[in-house]
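Okay, so here's the structure we're looking at.
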Amino acid sequence: MAISNKTKPRALKAGAASEYLGISRRYLHDLTKQGRIPYSKIGPRCLVYDIADLDLFLEECKIGGAA
195 MAISNKTKPR ALKAGAASEY LGISRRYLHD LTKQGRIPYS KIGPRCLVYD IADLDLFLEE
255 CKIGGAA
(Lines of atoms letter the chains of each structure in order from A and count residues from 1; the text may use other names and numbers.)
(Lines give C-alpha, C1' and ligand atoms only; values in the text may rest on other atoms or scores of the structure.)
Protein backbone atom coordinates (compact mmCIF):
# COMPACT_ATOMS: atom_id res chain seq x y z
CA MET A 1 0.00 0.00 0.00
CA ALA A 2 1.49 3.34 -1.07
CA ILE A 3 1.45 6.37 1.19
CA SER A 4 -0.11 9.48 -0.31
CA ASN A 5 2.19 12.46 -0.85
CA LYS A 6 -0.49 14.61 0.82
CA THR A 7 -0.14 12.77 4.14
CA LYS A 8 1.41 15.05 6.74
CA PRO A 9 4.01 13.52 9.03
CA ARG A 10 3.06 13.20 12.69
CA ALA A 11 6.61 13.70 13.95
CA LEU A 12 9.81 15.38 12.80
CA LYS A 13 13.48 14.59 13.31
CA ALA A 14 15.60 17.20 15.12
CA GLY A 15 16.69 19.12 12.02
CA ALA A 16 13.17 19.47 10.68
CA ALA A 17 11.75 20.21 14.14
CA SER A 18 14.23 23.03 14.75
CA GLU A 19 13.46 24.45 11.31
CA TYR A 20 9.71 24.17 12.04
CA LEU A 21 10.20 26.17 15.26
CA GLY A 22 12.66 28.62 13.69
CA ILE A 23 15.42 27.84 16.20
CA SER A 24 18.84 26.21 16.01
CA ARG A 25 19.34 22.48 16.53
CA ARG A 26 21.50 23.31 19.54
CA TYR A 27 18.70 25.32 21.18
CA LEU A 28 16.22 22.50 20.44
CA HIS A 29 18.65 20.11 22.15
CA ASP A 30 18.85 22.45 25.17
CA LEU A 31 15.05 22.69 25.39
CA THR A 32 14.82 18.90 25.16
CA LYS A 33 17.36 18.45 27.99
CA GLN A 34 15.42 20.95 30.12
CA GLY A 35 12.23 18.92 29.59
CA ARG A 36 10.44 21.82 27.89
CA ILE A 37 9.79 19.91 24.66
CA PRO A 38 8.81 16.23 24.80
CA TYR A 39 10.24 13.73 22.33
CA SER A 40 10.13 10.06 21.39
CA LYS A 41 13.21 7.92 21.01
CA ILE A 42 12.75 5.52 18.11
CA GLY A 43 16.31 4.23 17.95
CA PRO A 44 19.61 4.47 19.78
CA ARG A 45 20.37 7.88 18.24
CA CYS A 46 17.08 8.95 16.70
CA LEU A 47 14.77 11.38 18.48
CA VAL A 48 11.53 12.58 16.92
CA TYR A 49 9.27 15.43 17.96
CA ASP A 50 5.47 15.24 17.67
CA ILE A 51 4.21 18.21 15.67
CA ALA A 52 1.33 18.71 18.13
CA ASP A 53 3.88 19.07 20.96
CA LEU A 54 5.86 21.61 18.92
CA ASP A 55 2.68 23.61 18.29
CA LEU A 56 1.82 23.47 22.01
CA PHE A 57 5.32 24.71 22.88
CA LEU A 58 4.85 27.68 20.54
CA GLU A 59 1.49 28.50 22.15
CA GLU A 60 3.04 28.35 25.63
CA CYS A 61 5.77 30.78 24.52
CA LYS A 62 3.30 33.31 23.15
CA ILE A 63 3.41 36.71 24.83
CA GLY A 64 0.76 39.40 24.61
CA GLY A 65 -2.05 39.51 22.13
CA ALA A 66 -5.32 41.30 21.55
CA ALA A 67 -7.15 42.38 24.68
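Numbering (the numbering used here) for the sequence shown: 195 to 261. Heads up, the beta-carbon is just placed ideally off N, CA and C, and yes, glycines get one too.
Residue i, DSSP secondary structure in three states
{"i": "Gly-237", "result": "strand"}
{"i": "Lys-200", "result": "coil"}
{"i": "Lys-256", "result": "coil"}
For residue j and residue i, believed in contact at Cβ under 8 Å, the rounded distance
{"i": "Arg-220", "j": "Gly-209", "result": "That pair is no contact at about 12 Å."}
Of the listed residues the options, nearest to residue i (C-alpha basis)
{"i": "Ile-231", "options": "Ile-217, Arg-239 and Pro-238", "result": "Ile-217"}
{"i": "Gln-228", "options": "Ala-246, Phe-251 and Leu-206", "result": "Phe-251"}
{"i": "Ala-211", "options": "Cys-240, Gly-259 and Lys-256", "result": "Cys-240"}
Residue range of the unbroken alpha helix (DSSP H) whose run includes residue i
{"i": "Arg-230", "result": "Arg-230 -> no alpha helix (DSSP H), and no H or E assigned at all."}
Contact set for residue i: own chain, Cβ-Cβ below 6 Å, skip 5 residues either direction
{"i": "Arg-204", "result": "none"}
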